[in-house]
Structure formats: structure tokens, C-alpha cells
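**Student:**
Number of protein chains: 2
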Amino acid sequence: MMKKGDKTKTAILEAAKDIFARNGYGTVTMKDFCDALELSRGGLYRHFSSTKEIFVQLLERDKETSAAELAQAIKDEIPAKQLILHLMNTKKKEITEGGGRLTIAIYEFCNQEGEAGAYLENRFNGAVEMVERLLDYGQKRGELLVENPREMARHIVLFLEGLKISSAVVPIKGDILEEQLSTIYKMVKKTEEKG
Amino acid sequence: MMKKGDKTKTAILEAAKDIFARNGYGTVTMKDFCDALELSRGGLYRHFSSTKEIFVQLLERDKETSAAELAQAIKDEIPAKQLILHLMNTKKKEITEGGGRLTIAIYEFCNQEGEAGAYLENRFNGAVEMVERLLDYGQKRGELLVENPREMARHIVLFLEGLKISSAVVPIKGDILEEQLSTIYKMVKKTEEKG
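Those protein sequence lines, which keep their order, are chains A and B.
Sequential numbering of the first sequence, starting at 1, is according to the working numbering.
Sequential numbering of the second sequence, starting at 1001, is according to the working numbering.
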């Protein structure tokens, strides 16, 4: 069972997604968190010393969750097609829940915090490695056909970044979101199935 | 020959790219423009009444130039491959000249200016239409093979947006930039040449 302290921490990180997506990075204060979660100042500072620390942990946690999920799925020999559909659904959920605005906050974070560059580079490389692992796995299983998995992984990660950030400013309708997410599978499935 | 007034206006818009890319949208003042261009307050206000007006015209001008260039190239029956290479080189130049930071400024602009949403939607749709026209043209000439040109056009525009904005925070090396831009042509060239 989760300890009470861990529960509070999880609740803060859950709320952080909404708070930063709605307001951007720079204007959010620790008081905003106290108000949103009905926490005392002491209750919040027990877990985090700054909005920056909350922001960094929010991003770290998301990355770790995805990597662990993929490792487990590969161990369980889930078909690659299903893993790609899962990736698409995760992205769809992120986007429909305002992930585009959170992405804008991430770029704002990077512009404001000098040391954020290296952090975001790690995040990008981590995402590319994850997609590459997924493509390699699909090729080994004979489900996917990708000439250059690393190149394709970079392409997919950059495309998803564009889709996410564009969705924050251009209303991308449900059917177009579906259509665009499905281009990923079209690009990597075996040639005989292509077209 | 260009009138002196037009020359000043062009110089302001040229400088605007650098100024907004370096500083973002929100913090730039009319004084920054006077200082950068050694213009009097009156000299600047003769052409623009606000930094917002400069920003909007900067974006409008870029769009019009690209659309006119493509129309001319199609009239001149330039091969589609060459037009795609030109698009790639234009994007490469934009990115290496800091276009990613300008893109972040565009999203910031959208967050700050309520009416910017419709404007950015037009910009996105305009870019998609342009790429679609290029793909249709290449198919008619028998150079390209694209199952669904509109879907592919959206994919390419979203991918380029992701590439541009990521380049502002993740150092994308020259060879990786080349590799990623080349994925566009790989996706649309005729099947017998694919792979």
C-alpha cells in the first residue's frame, strides 16, 4: 500500500500536468499548488522545494513510466502492431487532454532555465531509443519492415512532437488526429501490407 | 526600383526575424526595433503601429513568398524532386538560422494574443495546401507516388514543425538534419525507387 506521503506526492504530480498546461511554466507559483490541492505550505514543501523541481519530476516520471511499460510488453511478447496502437492511443490521450499546451510549457521551461537544454536532449534521445527498440522488436518478429530503424525512430519522435505542439494552437479534429497517428503504422508495417 | 519607404519596411521585417527569434514575442518592444535599425520613433511608426503588427506581417510575408515561388516553379515545369530538394534546403536554412526559436515565439504569440488561433490555423492549412499541390504535381508528372496526398501533406507539415521546434532546444547535428529532411522524399518517391 502507498504511504500517505507518497500519495500526496503523486497527487501533486498529477495536478502539475493540468496546472502547467493551463498556465505555462513561468507564471505558476507554489501557492497555485497549495490552492489547487488544498495543501498547507508545509505540506507542499515537504515534497518539493520549487515549481521547477515539480516540473522536472513531472517530466522524468512520464519518461520512466513509458520505458518500463515497453520493457514489460516486450518481455510478454505482445505483437508490435499492438504496441504501436498502444503508443498511438497514449499520444491521442495526451493530445486530447491538452498535452500540446504542456509541450509549449516545456519549451518555455527550456528558454527560462539555462541548464534545461541537456535535460531536454536526454528526453529526446530517450524517446528515440524507445521507438527504435519497438521497431527493432517488430522487425525481429517479422511484423515490421524498416530500412533504418534509428532514422525512422527520429522521424516518428519529431512528427509526434509537431503533432502535439500544433494541436495546442490549431484545432486538430478527431478524425484528422486518428488519420495522422495512423501514418506511423503505415510507414513501418511490412511492405506486402503497405498501400 | 524599390521606394525608400518600402526599403525601410523590408529592413524592419528582415530584422524582425532575428529580434523575435532571439527574445521571444512578449518581451520585444518598439524601442528594440528603433535601436537595432537606428531608426527614429517616427520612422518606425510610419510603417508599423505595434510589435504585434510587425510579427503578423512577418509571418504573412513568409507564407506569400513560398506560395508564389511554388506556383512559378510549377508553371516552369521544374521536376518535383527538385522542388522537394528546394523545400528541404529552405527548411534547412530556416533551422540553421534559428527558425526553431522563431517557432517558439510563434507559439508564445498564440498564447498571448487571443485572436491568433484563427491566424495560425490559416497558416497551418496554407502550408498543408502548398505541400499537397506539390505532391499532386509530382504524381501527375509520374515522379511521386502518394496514396493520399492530403494525409501525407499534413504528415509532412507536422513533421517539419516538430523538426523545427525541436531544433531550438535539442542540438540536431548537420548530418541528422540532412537525414531527417531526406525522409520526406523517401516517403513520397515512386515505389520502384523506394527502399
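Glycine is no exception: its CB is placed at the ideal position from the N, C-alpha and C atoms.
Buried or exposed, going by whether 16 or more other CB atoms sit within 10 Å of the CB of G1100 of chain B?
**Tutor:** Translated into the one-based positions of the second sequence, residue 1100 of chain B becomes position 100. Buried: at least 16 other Cβ atoms inside 10 Å.
**Student:** Determine, using beta carbons only, whether Y1137 of chain B comes closer than 7 Å to chain A.
**Tutor:** For the purposes of this step, residue 1137 of chain B is taken as the residue at position 137 of the second sequence. Not closer than 7 Å to any Cβ of chain A, the Cβ of Y1137 of chain B fails to qualify, so no.
**Student:** For L1181 of chain B and chain A, any beta-carbon pair shorter than 7 Å?
**Tutor:** On the second sequence, position 181 is the one that residue 1181 of chain B refers to. So, not an interface residue.
**Student:** Below 7 Å between beta carbons: does that hold for A67 of chain A and M130 of chain A?
**Tutor:** On the first sequence, position 67 is the one that residue 67 of chain A refers to. On the first sequence, position 130 is the one that residue 130 of chain A refers to. In this structure, M130 of chain A lies closer than 7 Å to A67 of chain A by Cβ.
**Student:** Provide the residue span of the alpha helix (DSSP H) that contains F1159 of chain B, from first to last.
**Tutor:** Here the question's residue 1159 of chain B lines up with position 159 in the second sequence. 1149–1167 is the span of the alpha helix (DSSP H), which, as asked, contains F1159 of chain B.
**Student:** Hey, would you say V170 of chain A sits closer than 7 Å to F1124 of chain B, going by beta carbons?
**Tutor:** Within the first sequence, the letter at position 170 stands for residue 170 of chain A. Within the second sequence, the letter at position 124 stands for residue 1124 of chain B. Cβ atoms of V170 of chain A and F1124 of chain B: closer than 7 Å.
**Student:** Determine which residues share a DSSP beta bridge with K189 of chain A and list them.
**Tutor:** Against the first sequence, residue 189 of chain A aligns to sequence position 189. DSSP, once it has assigned bridges, lists A:L144 as partnering K189 of chain A.
**Student:** Can you tell me the Cβ-Cβ gap for V188 of chain A and L120 of chain A, rounded? I've got them flagged as a contact below 8 Å.
**Tutor:** Reading the first sequence from its first residue, position 188 is the one you call residue 188 of chain A. Reading the first sequence from its first residue, position 120 is the one you call residue 120 of chain A. No, V188 of chain A and L120 of chain A are not in contact; Cβ-Cβ is about 25 Å, not under 8 Å.
**Student:** The alpha helix (DSSP H) that contains D1018 of chain B, what's its start and end?
**Tutor:** Position 18 of the second sequence, counted from the start, is the residue given in the question as residue 1018 of chain B. Note, D1018 of chain B: alpha helix (DSSP H), 1004–1023.
**Student:** At a CB-CB cut-off below 9 Å, which residues of chain A make contact with I1171 of chain B?
**Tutor:** Mapped onto the second sequence, residue 1171 of chain B falls at position 171. According to the sequence as given, residue 1171 of chain B is Pro; it is not Ile. Residues of chain A passing the Cβ test: G117, E121.
**Student:** Exposed or buried, Y1045 of chain B, counting other C-beta atoms within 10 Å across all chains shown (16 or more means buried)?
**Tutor:** Here residue 1045 of chain B refers to the residue found at position 45 of the second sequence. So Y1045 of chain B counts as exposed.
**Student:** Distance cutoff 7 Å, beta carbons only. Does K189 of chain A sit that close to anything in chain B?
**Tutor:** Locating residue 189 of chain A in the first sequence gives position 189, where the first residue counts as 1. Not closer than 7 Å to any Cβ of chain B, the Cβ of K189 of chain A fails to qualify, so no.
**Student:** Give the C-beta separation of E113 of chain A and K52 of chain A to the nearest angstrom, bearing in mind that I take them to be a contact with Cβ-Cβ under 8 Å.
**Tutor:** Counting from 1 along the first sequence, the entry for residue 113 of chain A is found at position 113. Counting from 1 along the first sequence, the entry for residue 52 of chain A is found at position 52. Right, the Cβ-Cβ distance comes to about 7 Å (below 8 Å), so this counts as a contact.
**Student:** Please confirm if I84 of chain A has its CB atom under 7 Å from at least one CB of chain B.
**Tutor:** The residue labelled residue 84 of chain A in the question sits at position 84 within the first sequence. No, I84 of chain A does not count as interfacial toward chain B.
**Student:** Got a sec: is the Cβ-Cβ distance from G174 of chain A to anything in chain B below 7 Å?
**Tutor:** To locate residue 174 of chain A, count along the first sequence from 1; it is residue 174. With 7 Å as the cut-off, G174 of chain A does not count as an interface residue toward chain B.
**Student:** With 7 Å set as the bound, which would you pick, yes or no: does the beta-carbon of I1165 of chain B sit closer than that to a beta-carbon of chain A?
**Tutor:** Within the second sequence, the letter at position 165 stands for residue 1165 of chain B. Yes, its Cβ sits closer than 7 Å to a Cβ of chain A.
**Student:** Sort A:E179, A:T96, A:H86 by Cα distance to A168 of chain A and report the nearest one.
**Tutor:** Residue mapping note: residue 168 of chain A aligns to position 168 of the first sequence, counting from 1. Answer by Cα proximity: A:T96.
**Student:** Shortest alpha-carbon distance to L177 of chain A belongs to which of A:A127, A:Y137, A:N89, A:M152?
**Tutor:** For this step, residue 177 of chain A is matched to residue 177 along the first sequence. The residue with the shortest Cα to Cα distance from L177 of chain A is A:N89.
**Student:** Distance cutoff 7 Å, beta carbons only. Does H1155 of chain B sit that close to anything in chain A?
**Tutor:** Locating residue 1155 of chain B in the second sequence gives position 155, where the first residue counts as 1. Yes, H1155 of chain B counts as interfacial toward chain A.
**Student:** What residue range does the alpha helix (DSSP H) around K91 of chain A cover?
**Tutor:** Taking the first residue of the first sequence as 1, we reach residue 91 of chain A at position 91. It spans 80–96 - the alpha helix (DSSP H) in which K91 of chain A sits, taken as one unbroken run.
**Student:** Can you name the start and end residues of the alpha helix (DSSP H) that G42 of chain A belongs to?
**Tutor:** Taking the first residue of the first sequence as position 1, residue 42 of chain A is located at position 42. First-last of the alpha helix (DSSP H) with G42 of chain A: 41–45.
**Student:** So, helix, strand or coil for D1136 of chain B, using DSSP?
**Tutor:** Counted from its first residue, the second sequence places residue 1136 of chain B at position 136. It is helical.
**Student:** Assign G1174 of chain B to one of three DSSP states: helix, strand, or coil.
**Tutor:** The sequence position of residue 1174 of chain B within the second sequence is 174, counting from 1. Here G1174 of chain B sits in helix by DSSP.
**Student:** Taking the alpha helix (DSSP H) that D1032 of chain B falls in, what are its first and last residues?
**Tutor:** Here residue 1032 of chain B refers to the residue found at position 32 of the second sequence. Where D1032 of chain B is concerned, the enclosing alpha helix (DSSP H) stretches over 1030–1037.
**Student:** Decide yes or no for the touch test of the segment 1033–1040 of chain B against the segment 1009–1016 of chain B: beta carbon pairs closer than 8 Å, at least 3 of them.
**Tutor:** Segments in contact, yes.
**Student:** Quick check on G1162 of chain B - is its C-beta less than 7 Å from some C-beta in chain A?
**Tutor:** Position 162 of the second sequence, counted from the first residue, corresponds to residue 1162 of chain B. For G1162 of chain B, the answer is yes, since a Cβ of chain A falls inside 7 Å of its Cβ.
**Student:** Under the rule that 16 or more other beta-carbon atoms within 10 Å means buried, what is N77 of chain A, buried or exposed?
**Tutor:** The residue given as residue 77 of chain A occupies position 77 in the first sequence. Looking at the sequence shown, residue 77 of chain A is not Asn but Glu. It counts as exposed.
**Student:** So is Y1107 of chain B in contact with chain A if we call contact Cβ pairs under 7 Å?
**Tutor:** As a working note, residue 1107 of chain B is residue 107 in the second sequence. Cβ-Cβ to chain A under 7 Å: yes for Y1107 of chain B.
**Student:** Taking the alpha carbon of C1110 of chain B as the reference point, which residue from A:D32, A:S166, A:G174 has its own alpha carbon closest?
**Tutor:** Taking the first residue of the second sequence as position 1, residue 1110 of chain B is located at position 110. Nearest of A:D32, A:S166, A:G174 to C1110 of chain B, Cα basis: A:S166.
**Student:** Where does T191 of chain A land, buried or exposed, given buried means 16+ other C-beta within 10 angstroms?
**Tutor:** Taking the first sequence and counting its residues from 1, the one referred to as residue 191 of chain A is at position 191. Per the 10 Å Cβ criterion, exposed.
**Student:** Can you find a C-beta in chain B that's less than 7 Å from the C-beta of E151 of chain A?
**Tutor:** Indexing the first sequence from 1 puts residue 151 of chain A at position 151. Interface residue, yes.
**Student:** Using three-state DSSP, classify F1109 of chain B as helix, strand or coil.
**Tutor:** The sequence position of residue 1109 of chain B within the second sequence is 109, counting from 1. Three-state DSSP puts F1109 of chain B in a helix.
**Student:** Pick from A:A118, A:E94, A:V128, A:D6: whose alpha carbon is nearest that of G43 of chain A?
**Tutor:** Within the first sequence, residue 43 of chain A is the residue found at index 43, counting from 1. When only C-alpha atoms are compared, the closest one is A:D6.
**Student:** Can you give me the C-alpha to C-alpha distance between L1102 of chain B and K3 of chain A, rounded to a whole angstrom?
**Tutor:** As a working note, residue 1102 of chain B is residue 102 in the second sequence. As a working note, residue 3 of chain A is residue 3 in the first sequence. Each residue's Cα considered, the two are about 46 Å apart.
**Student:** Counting only the same chain and skipping the five closest in sequence on each side, list residues whose C-beta sits under 8 Å from that of V1157 of chain B.
**Tutor:** Taking the second sequence and counting its residues from 1, the one referred to as residue 1157 of chain B is at position 157. Within the same chain, V1157 of chain B has close Cβ partners F1124, A1127, V1128, V1131.
**Student:** So which residues on chain B does I19 of chain A lean against when the C-beta distance must stay under 7 Å?
**Tutor:** The residue given as residue 19 of chain A occupies position 19 in the first sequence. Neighbours of I19 of chain A on chain B: none; closest Cβ ~15 Å, over 7 Å.
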